[in-house]
Amino acid sequence: MVLSERGFHERFRDHYLVAPQSAINMVNLLVFTYIAPEVGVLFLCNLFVVFGFGALRTSARQTAIVWTVMVLGLAVLFLGTDKAIGMPTATRIDRLATMLVFALTIGRCMYLGIFSSSMQQSLYQSGVKLKEAYRRIEELAELDELTGTSNRRSIMRTLEEEIARCARNGSSCAVALIDLDHFKRINDVYGHPIGDEALRTFAIGMFANLRSVDRFGRYGGEEFLLVLPDLSQDQAMRALERLRAIIAGLDWSAFSPGMQVTISAGVTTLKPHENSDTLLARADGALYAAKARGRNRIASA
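Given below as structure tokens:
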């Protein structure tokens with residue numbers, strides 16, 4: 000306690016000084032066994048408790064050191080002396096005391112086992128919670144908080160992976176940049192909360208009508224990127240035209256009377272040896288062409 004109050008233990012990695020305490024306690028028990036060998040077995044019983052307690056907090060190296068101290072002490076006691084180590088059994092009181100020492104020693108060893116099991120279970124539960132928290136953090140790091148779609152970093156990584164897959168396999172891939180028409184006007188007229196609900200509803204409508212292999216993410220603001228593996232230009236155009244009609248056909252008046260939301264999209268397909276920058280530049284050009292033609296339409300490049 001004095002060393003602890005003076006901060007002596009803070010200079011060591013093991014702040015509790017478990018290994019030194021265990022070694023000193025073992026030496027004390029062996030010394031008392033030497034001093035009073037006629038009841039020495041009662042002291043030796045407690046070696047199990049000390050060693051068991053120390054093993055809960057010590058590293059493998061520290062445990063080996065403590066065990067070595069105990070073995071050396073036992074060797075000195077048993078091999079270096081001729082002390083006749085016994086236990087008190089002469090009277091009924093002696094026998095009762097001996098029985099209680101054994102019972103309490105075994106009980107304390109059992110308690111250490113239960114405590115160790117409980118600690119292991121607690122560590123296991125903490126590990127499960129930590130894995131779940133890590134999974135949730137990873138999920139949040141890849142999802143757009145508002146719409147639940149992939150965020151820009153995630154969808155761009157997906158696009159790069161798809162480009163690499165197409166380069167390896169020679170397969171086709173189409174992408175579409177999708178923009179909600181006049182979204183600023185929706186925010187100005189109906190308010191930002193309604194605008195947020197419109198984005199969420201649009202995302203839900205898209206997810207409900209995409210293939211399992213398609214990847215959809217928020218590219219920025221009201222602009223979204225759709226990656227369509229293994230589709231040609233014509234197939235991608237038909238898919239986007241179907242999605243455009245579905246979005247336009249939703250009952251947007253449920254949010255506010257007279258409200259209507261439509262989308263415009265630019266569609267293009269990956270060319271051999273093309274990178275994501277040029278691919279998205281062509282999709283962006285097609286999107287602007289769709290807007291220039293009056294919006295609520297799909298254009299290709």
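Using numbering that gives the first Met the number 0, the first residue of the sequence shown is number 0, and each one after it goes up by one.
All C-beta atoms, glycine included, are put in the ideal place defined by N, C-alpha and C.
- Under DSSP, no beta-bridge partner is assigned to cysteine 165.
- With contact defined as three or more Cβ pairs closer than 8 Å, the stretch 252–260 and the stretch 150–162 are not in contact.
- When the beta-carbon positions are compared, tyrosine 189 and serine 255 come within less than 9 Å of each other.
- In this structure, the alpha-carbon of glycine 216 lies about 50 Å from that of threonine 57.
- Per DSSP, reduced to three states, the secondary structure at isoleucine 185 is helical.
- Judged by their CB atoms, phenylalanine 50 and methionine 69 are nearer to each other than the 9 Å cut-off.
- Judged by DSSP in its simplified three-state form, glycine 219 adopts strand.
- Here valine 266 carries a strand assignment [DSSP, helix/strand/coil].
- The closest CA to that of isoleucine 84, considering only Gln119, Cys44 and Arg243, is found on Cys44.
- Inter-residue distance for valine 212 and isoleucine 113 is about 50 Å (C-alpha atoms, whole angstroms).
- The Cβ atoms of methionine 25 and leucine 46 lie closer than 9 Å to each other.
- Relative to the Cα of threonine 80, the nearest Cα in the group Leu71, Pro87 and Met86 belongs to Leu71.
- Taking C-beta atoms as the reference points, leucine 278 and leucine 269 count as a pair closer than 9 Å.
- For alanine 289, the enclosing alpha helix (DSSP H) covers residues 275–291.
- Around the beta carbon of threonine 32, 16 or more other beta carbons sit within 10 angstroms, so the residue counts as buried.
- DSSP, reduced to helix, strand and coil, places isoleucine 297 within a strand of the structure shown.
- Of all C-beta pairs linking the stretch 230–239 to the stretch 173–193, three or more are shorter than 8 Å, placing the two stretches in contact.
- Here DSSP, grouped into helix, strand and coil, assigns serine 149 to strand.
- By the CB criterion at 9 Å, arginine 296 and alanine 289 fall inside the cutoff.
- By the 16-neighbour rule on beta-carbons within 10 angstroms, glycine 169 is exposed.
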